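Everything below concerns the one structure shown next.
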Amino acid sequence: MFNRAIPSKITAYFKFSDNSLMTNKTDNLYAATIDQQSFSFDGQVAEVFPDMIQRSVPGYDQILKNTAKFAARFVTANSHCYDLGCSLGASSLAMSAGIKADQVKIIGVDNSQAMLARCQHHIEAFKHSTEIELQCGDILDFPIENASMVVLNFTLQFIDQAERAELLDKIYKGMNPGAVLLLSEKICFEDAADNALMIDLHHQFKRENGYSELEISQKRSLLENVLVPDTLEQHTARLAKVGFSRSRCWFQQYNFVSIFAIK
Ligand SMILES: C[S@@+](CC[C@H](N)C(=O)[O-])C[C@H]1O[C@@H](n2cnc3c(N)ncnc32)[C@H](O)[C@@H]1O
């Protein structure tokens, strides 16, 4: 295995200068006026992704730290863990940091080649006692089997709303009894005033993290129709309908949540 320990702040692992793929480049993709039509997880985004997600998603660090804690409790020997929409592998490495069981394989899946190329370097650079295999593919088609833990951290929101139930049904069927699904998402609220307040608080969070009004508004326009949030109620109803015996929102900051669901 590899000999670089994961620092306590898991997302800090990108800060190495010995390999250009691992530098933590500042996200200033939208600092000047752009004529791009929509957002995609391309090479430019992959290059700045650690900085982008850290400065854009309230509670991202907390969710990663707790991903390790869920892994410690739920991952069983001789099983699989899935990181669906793995990006640069932060959730895979977090699971690996928590897993105590033997003979476990973590499978990270993403359909962005640019993300996976960088992810491979991150995975290779950090000590992990659990095997991590990366697969390029669409999570809608990817087989799930013998899973004791599945992580969908900020990925379901990019899947067509009409296909979300079918994806969760497939995940559920591939999970072992007692297994956990960790689902982290940006959400919206039925109540228009609550929704506006949460969006405003999120934008304040981004401003406090150094994003300008132009960056915030350009990113918002790019994500329109690409990142489509559900309400918390839609998520919990869908999880129950698919068959999960229980689910609970264990983390929330503004319009960002993380939910666990147990088979
Ligand atoms: C916001 S990022 C996820 C962040 C990551 N889970 C983490 O914790 O750092 C969403 C990822 O999902 C991937 N993605 C989106 N739709 C996908 C699909 N249908 N199949 C596979 N990957 C997908 C994107 O390429 C992107 O890397």
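The opening residue of the sequence shown carries number 12 in the working numbering; numbering runs sequentially from there. In this text, a Cβ means the ideal position worked out from N, Cα and C, and glycines have one as well. Since we're looking at a predicted model, the values are computed, not measured.
Could you tell me which residues DSSP pairs with Arg257 in its beta bridges? Ile273, per the DSSP bridge assignment.
For Phe169, the three-state DSSP class (helix, strand or coil): Taken through DSSP and simplified to helix, strand or coil, Phe169 comes out as helix.
For Gly70 and Phe267, what's the separation of their Cα atoms in angstroms? About 8 Å.
Give the single residue among Lys111, Ser51, Leu167 and Gln215 whose Cα lies nearest to the Cα of Ser90. The residue with the shortest Cα to Cα distance from Ser90 is Lys111.
With burial defined as no fewer than 16 other Cβ atoms inside 10 Å of the residue's Cβ, what is the status of Gly221: buried or exposed? With fewer than 16 other beta carbons inside 10 angstroms of its own, Gly221 counts as exposed.
Rounded straight-line distance, which links the Cα of Gln264 to that of Cys147: If you take the alpha carbons of Cys147 and Gln264, they lie about 31 Å apart.
Can you check which of these residues, Ala248, Phe271, Asn39 and Gln65, is closest to Arg259 by C-alpha distance? The shortest C-alpha separation from Arg259 is found at Phe271.
Unbroken alpha helix (DSSP H) run spanning His133, endpoints: For His133, the uninterrupted alpha helix (DSSP H) run begins and ends at Gln124 to Ala136, by DSSP.
Helix, strand or coil, according to DSSP, for Leu32 in the structure here? Interpretation of Leu32 is limited by its pLDDT of 41, a score under 50 that renders its predicted location unreliable; no figure is taken from the coordinates.
Report whether the distance from the Cβ of Gly96 to the nearest heavy atom of ligand 1 is below 7 Å. A distance criterion of 7 Å places the beta-carbon of Gly96 in contact range of ligand 1, judged by its closest non-hydrogen atom.
Work out the CA separation of Asn77 and Gly100 for me, nearest whole Å. Here the alpha carbon of Gly100 sits roughly 15 Å from the alpha carbon of Asn77.
Extent of the continuous alpha helix (DSSP H) run through Tyr71: Counting along the chain, the unbroken alpha helix (DSSP H) around Tyr71 starts and ends at Tyr71 to Phe85.
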